[in-house]
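Residue numbers (the working numbering): 2 to 438.
Take a look at the structure below.
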């Protein structure tokens, strides 16, 4: 057997022992390279239930959490996270526009203005906790028996816990971060630069030239690239902002990046290749196929961990431990930070929605008893993401089929409201009457 595997297993087992109670240490001997089976026999003995519970508790709450946290940095978009936020509170982001110059004047009226108050041009954004996810892993006695056959099996057992929980969290963090880009594109709340997807030398050079221009342009004070200026109401002043060159990041689809000479792109950012690769982050895809990437101030991504913890519950009925990883977070964009989406087409936020075939009647006894309803939008080829809800899921449920179709299924007689809502707030609704014929 690999000596590293044995050494790691022994170290982990002895770490658990060192973090456990004196009673546990009195019962469970120090782990060695040769006593994995005897350790398992003691822990799995029903007479030592308290020690087994303590073993699971320390294992999951100390070791597994450490491993999951370390592995979370493998998320290529984790560089955009801003750390932890206080639980249950909003995050306030205040931006003060640069002061405006006034012409010098030497007069009595100018002297009279000496003590006049000049109101600051302050803009505020709030970010609220909007992710509450839970991941579950069950540890069975049978699984534990197999773990104590060898140190190799023991290490695999540890990995099975951490990788299962970590993988789910990793995938969702990656997806939620990309969703921020899709969200601002869908709703028209970000500057969009229409470009041709690189497919040959000419289009690749044009793409790099556009990136070089935007990288340079963002370093100057401007009102062109702050999302706030597309989000604000008409009576608010636009914000003027800029981005230091070392804060620019480029999220780009990997298929697009493969068509570009990375050395040339790095020079466009005035960086050598190694430094540049720390600022460019390849992703697999975005929900909108038109989106190729985004060039932005890293402050544009406002991502915080609110809660990240393990809990456990022993189910005596099936002799198994359920382990829960709770991952709560805040995912938002800063409206005061420069950002430009690179896309093959302008976004087309929805302006109107209509649910076709209304009013809707569902027969509980029909076969099949569900109906698929289509949604008409203006514009027809909207980029907005549309979701569907039922006001009473005990009467009927609404399941999204595509962006413009929904499956409604009756559950019992009664009435409920079906609502279609786009990500920019535009909505439509209709009454669904469930009958039994």
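Just so it is clear, CB atoms sit at the ideal spot from N, CA and C, and this is done for glycine as well.
None of these values were measured; they are calculated from a predicted model.
Burial state of residue i, where buried means 16 or more other Cβ atoms lie within 10 Å
i: residue 118; result: In this predicted model, residue 118 has a pLDDT of only 49, less than 50, meaning its place in the structure is not dependable; the value taken from the coordinates is given anyway. Counting Cβ neighbours within 10 Å, residue 118 comes out exposed, since fewer than 16 surround it.
i: residue 30; result: exposed
i: residue 416; result: exposed
i: residue 127; result: exposed
i: residue 133; result: exposed
i: residue 244; result: buried
i: residue 99; result: exposed
i: residue 330; result: buried
i: residue 163; result: buried
i: residue 202; result: exposed
i: residue 35; result: exposed
i: residue 148; result: buried
i: residue 297; result: buried
i: residue 172; result: exposed
i: residue 318; result: exposed
i: residue 294; result: buried
i: residue 55; result: buried
i: residue 10; result: buried
i: residue 125; result: exposed
i: residue 391; result: buried
Enclosing alpha helix (DSSP H) for residue i [first to last residue]
i: residue 186; result: 152-187
i: residue 53; result: 50-59
i: residue 358; result: Here residue 358 belongs to no alpha helix (DSSP H), and DSSP marks it neither H nor E.
i: residue 26; result: 23-28
i: residue 18; result: 4-19
i: residue 266; result: 263-269
i: residue 146; result: 142-148
i: residue 41; result: 37-45
i: residue 348; result: It is not in any alpha helix (DSSP H) - residue 348 carries neither H nor E in the DSSP assignment.
i: residue 31; result: Element bounds for residue 31: n/a, residue is neither H nor E.
Proximity of residue i and residue j at Cβ, strictly below 9 Å
i: residue 248; j: residue 284; result: no
i: residue 328; j: residue 306; result: yes
i: residue 19; j: residue 52; result: no
i: residue 356; j: residue 385; result: no
i: residue 218; j: residue 226; result: yes
i: residue 423; j: residue 387; result: yes
i: residue 280; j: residue 251; result: yes
i: residue 130; j: residue 45; result: no
i: residue 394; j: residue 405; result: no
i: residue 231; j: residue 182; result: no
i: residue 277; j: residue 287; result: no
i: residue 315; j: residue 43; result: no
i: residue 37; j: residue 158; result: no
i: residue 13; j: residue 40; result: no
i: residue 63; j: residue 96; result: no
i: residue 1; j: residue 265; result: Nothing can be reported for residue 1, as the shown portion of the chain is limited to 2 through 438.
Nearest candidate by alpha-carbon position, reference residue i, set the options
i: residue 59; options: 46, 48, 26 and 91; result: 26
i: residue 170; options: 271, 393, 136 and 191; result: 136
i: residue 180; options: 292, 126, 153 and 231; result: 292
i: residue 216; options: 23, 343, 91 and 201; result: 343
i: residue 241; options: 7, 338 and 332; result: 338
i: residue 420; options: 379, 413 and 359; result: 359
i: residue 418; options: 362, 424, 199 and 235; result: 362
i: residue 378; options: 167, 294, 389 and 352; result: 352
i: residue 208; options: 403, 221, 263 and 371; result: 263
i: residue 333; options: 82, 276 and 37; result: 82
i: residue 410; options: 397, 202 and 289; result: 397
i: residue 430; options: 236, 376 and 17; result: 376
i: residue 433; options: 425, 382 and 365; result: 365
i: residue 122; options: 317, 267, 237 and 367; result: 237
i: residue 326; options: 165, 206 and 392; result: 165
i: residue 33; options: 6, 371 and 176; result: 6
i: residue 407; options: 372, 62 and 268; result: 372
i: residue 61; options: 178, 161, 274 and 268; result: 161
i: residue 368; options: 438, 233 and 267; result: 438
i: residue 414; options: 435, 401 and 400; result: 435
N- and C-terminal bounds of the beta strand (DSSP E) containing residue i
i: residue 293; result: 292-298
i: residue 219; result: Where residue 219 is concerned, there is no enclosing beta strand (DSSP E), given that its DSSP letter is neither H nor E.
i: residue 310; result: 302-316
i: residue 391; result: 387-391
i: residue 96; result: 92-97
i: residue 376; result: 372-379
i: residue 229; result: Unbroken run through residue 229 is the alpha helix (DSSP H), 229-232; no beta strand (DSSP E).
i: residue 85; result: 82-85
i: residue 196; result: Residue 196 -> no beta strand (DSSP E), and no H or E assigned at all.
Any non-hydrogen atom of the ligand NAD closer than 8 Å to residue i Cβ
i: residue 411; result: Annotation note on the ligand NAD: not contained in the displayed structure, which lists no ligands.
CB contact check: residue i to chain D, cutoff 9 Å
i: residue 235; result: Although the question refers to chain D, the structure presented lacks it and comprises just one protein chain.
Does the contact criterion of 3 or more C-beta pairs under 8 Å hold for the stretch 126-145 versus the stretch 312-323? yes
Measuring CB atoms only, is the stretch 294-305 touching the stretch 76-95, in the sense that at least three cross pairs come out at less than 8 Å? yes
Would you call the stretch 347-366 and the stretch 183-194 touching, i.e. three or more CB-CB distances under 8 Å? yes
Inter-stretch contact at 8 Å, needing at least 3 Cβ pairs: the stretch 187-204 / the stretch 251-268: yes
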